[in-house]
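Undergrad:
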Amino acid sequence: MRIVIAGGHGQIALRLERLLAARGDEVAGIIRKPEQAEDLQQLGAEPIVLDLESASVEEVAQRLEGADAAVFAAGAGPGSEVGRKETVDKAAAVLFADAAVRAGVRRFVIVSSMGADPEHEGDEVFDVYLRAKGEADAHVRGLDALDWTVLRPGQLIDDAGTGLVRLEAHTGRGPVPRDDVAAVLAELVDTPATAGLTLELISGNAPVSVAVKSVAGN
Numbered sequence: 073m074r075i076v077i078a079g080g081h082g083q084i085a086l087r088l089e090r091l092l093a094a095r096g097d098e099v100a101g102i103i104r105k106p107e108q109a110e111d112l113q114q115l116g117a118e119p120i121v122l123d124l125e126s127a128s129v130e131e132v133a134q135r136l137e138g139a140d141a142a143v144f145a146a147g148a149g150p151g152s153e154v155g156r157k158e159t160v161d162k163a164a165a166v167l168f169a170d171a172a173v174r175a176g177v178r179r180f181v182i183v184s185s186m187g188a189d190p191e192h193e194g195d196e197v198f199d200v201y202l203r204a205k206g207e208a209d210a211h212v213r214g215l216d217a218l219d220w221t222v223l224r225p226g227q228l229i230d231d232a233g234t235g236l237v238r239l240e241a242h243t244g245r246g247p248v249p250r251d252d253v254a255a256v257l258a259e260l261v262d263t264p265a266t267a268g269l270t271l272e273l274i275s276g277n278a279p280v281s282v283a284v285k286s287v288a289g290n
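Going by the numbering used here, the residue at position 200 of the sequence shown is 272; the numbering climbs one at a time, nothing skipped.
1. Could you say which of S281, V222, E89 lies nearest to S185 if we only look at CA atoms?
2. Taking the C-alpha atoms as reference points, what is the distance between D123 and I103?
3. Looking only at C-alpha atoms, which of N277, G289, D262 sits nearest to A142?
4. If you draw a straight line from the C-alpha of L202 to the C-alpha of G116, how long is it?
5. How many Å lie between N290 and E110 at the Cα?
6. May I ask which residues mark the beginning and end of the alpha helix (DSSP H) holding A93?
7. If we call anything under 8 Å between Cβ atoms a contact, is A169 one with V121?
8. Does the contact criterion of 3 or more C-beta pairs under 8 Å hold for the region 167 to 183 versus the region 191 to 201?
9. On a Cα-Cα basis, can you pick out the residue from G79, V253, S128, Q113 that is closest to L236?
10. Just the Cα atoms here: how many angstroms apart are E130 and L239?
11. Would you report the Cα separation of E98 and E118, rounded to the nearest angstrom?
12. So for P150, helix, strand or coil by DSSP?
13. With 16 other CB atoms within 10 Å as the buried threshold, where does P225 fall?
14. By DSSP, does S281 sit in helix, in strand, or in coil?
15. Verify whether the separation of the beta carbon atoms of E125 and A175 is less than 8 Å.
16. Among V160, A133, A204, N277, which residue has its Cα nearest to the Cα of A171?
17. Of all the CB atoms in chain C, is at least one closer than 8 Å to the CB of L88?
18. Quick one: give me the first and last residue of the alpha helix (DSSP H) that A78 is part of.
19. What is the rounded straight-line gap between the Cα of V287 and the Cα of A278?
Rendered as structure tokens:
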């Protein structure tokens with residue numbers, strides 16, 4: 073498969089690129105900064121330098137031509153101001169999804185956040201973030217041309233992955249290592265029977281492949 077990842081230098085994306093390249097997929101990561109390219113190349117991924125905050129749908133669609141799947145793993149990141157929650161977590165996700173439609177890429181996986189909700193109330197930065205993620209999810213889920221899956225991890229931690237997770241429509245809150253989020257994404261991309269599902273993810277007792285198979289087709 074050829075898989076294009078938005079937010080290609082993010083902490084989850086770098087882990088995902090390593091996994092996909094290691095299993096023989098052709099993987100490309102969209103990055104903002106040319107100096108990040110070498111990090112992707114060392115993982116076996118193709119760097120695509122493109123700023124999703126200023127690119128057009130057509131420009132992004134050109135980079136998606138020929139892909140079998142697209143993964144949105146970009147994020148403004150902790151410490152970013154309210155404005156970038158709107159331009160990255162929402163607008164860039166909408167742009168990437170619309171570009172996938174234009175390029176004819178059906179399989180689409182978006183990394184969201186537990187608690188994402190377009191109706192979430194509040195004016196703090198995290199409130200704006202949850203609203204932006206929720207609005208992005210809603211847009212993706214409204215695109216009939218995409219075989220979409222929304223993944224909503226719990227609290228992201230840097231502990232080594234265990235390969236054991238809980239993946240369900242509603243898990244309740246809990247932590248999950250970024251390693252395990254990447255492993256689940258790699259399985260989801262390759263499991264189109266999970267299309268149409270919004271899934272929460274935390275650490276648990278099921279091996280990643282078993283967890284994904286158990287929700288596939290539900």
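All residues carry an ideal CB built from backbone N, CA and C; glycine is no exception.
All values derive from a computational prediction rather than experimental measurement.
TA: Taking the structure as given:
1. V222
2. 7 Å
3. D262
4. 33 Å
5. 40 Å
6. 83 to 94
7. no
8. no
9. V253
10. 34 Å
11. 8 Å
12. coil
13. buried
14. helix
15. no
16. A133
17. Looking at the structure shown, chain C is missing, and only one protein chain is on hand.
18. Looking at the DSSP string, A78 is not in any alpha helix (DSSP H); the run it does join, the beta strand (DSSP E), is 74 to 78.
19. 12 Å
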